[in-house]
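Chemist: Residue numbers (our numbering): 5 to 167.
Below you can see the structure in the form of structure tokens.
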């Protein structure tokens, strides 16, 4: 967690309030670290039953996107996105995309339970007003050290971000 607060006040009210909220959310789990307590602490709409899915939504400018991934890798680990130009297979914003999209995701032994991973990212290749097809892949890196594996892929029409 990172809190960045700039204020003339020495007391850092925003930081204090954020830490109090986190403490309130985690106190029940610390007192009773069970799966039932953990599930009760999950944010609303962070768990659903269904089929794995990757949704990509345009953000406030072309080239900026929000991804919503519903998955259950069946074991602890991290997910991240990869993107490729769909016809040539050229990687898109490879280093930046992995850095901005990696997240440790929930999992369970019930494969029908899906956990939400969401992120905001930019694709730099391309220009506004010149859409093209891009293949997005969701990759999983197990905490166990096993080889990473692809969980999902889907093609979307995108544009690159311009400064």
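All C-beta atoms in this analysis are idealised placements derived from N, C-alpha and C, irrespective of residue type, glycine included.
Taking all protein chains shown into account, do 16 or more other C-beta atoms lie within 10 angstroms of the C-beta of residue 24, making it buried, or fewer, making it exposed?
Modeler: Answer is exposed; the Cβ neighbour count stays below 16.
Chemist: When the Cα of residue 85 is compared with those of 76, 104, 77 and 8, which residue comes out closest?
Modeler: Residue 85 has its Cα closest to that of 104, out of 76, 104, 77 and 8.
Chemist: Please name the residue, chosen from 80, 74 and 17, that lies closest to residue 54 on a Cα-to-Cα basis.
Modeler: Comparing Cα positions, the closest option is 74.
Chemist: Which same chain residues, not among the five before or five after residue 164, have their C-beta less than 7 Å away from its C-beta?
Modeler: Taken in chain order, the residues that qualify are 67, 127, 128, 129, 130 and 131.
Chemist: Kindly give me the distance between the Cβ atoms of residue 1 and residue 47, rounded to whole angstroms, as I take these residues to be in contact under 8 Å.
Modeler: Outside the displayed span of the chain (5 to 167) sits residue 1, for which this structure offers no information.
Chemist: Could you give the residue range of the beta strand (DSSP E) that holds residue 123?
Modeler: Residues 117-126.
Chemist: What residues are listed by DSSP as bridge partners for residue 62?
Modeler: Answer is 69, bridged to residue 62.
Chemist: To the nearest angstrom, how far is the alpha carbon of residue 106 from that of residue 99?
Modeler: Each residue's alpha carbon lies about 11 Å from the other.
Chemist: Would a C-beta distance cut-off of 8 Å place residue 70 and residue 114 closer than the cut-off?
Modeler: For residue 70 and residue 114, no; Cβs fall outside 8 Å.
Chemist: What's the C-alpha gap between residue 80 and residue 39?
Modeler: Taking the straight line from one Cα to the other gives about 14 Å.
Chemist: Excluding the 5 residues flanking residue 135 on each side, which residues of the same chain have their C-beta closer than 8 Å to its C-beta?
Modeler: 161, 162 and 163, listed in sequence order.
Chemist: Does DSSP put residue 90 in a helix, a strand or coil?
Modeler: Three-state result, residue 90: coil.
Chemist: Please work out which residues of its chain come closer than 8 Å, Cβ to Cβ, to residue 166, disregarding the five sequence neighbours upstream and downstream, and give them in chain order.
Modeler: Only 66, 67, 131 and 132 meet the Cβ criterion.
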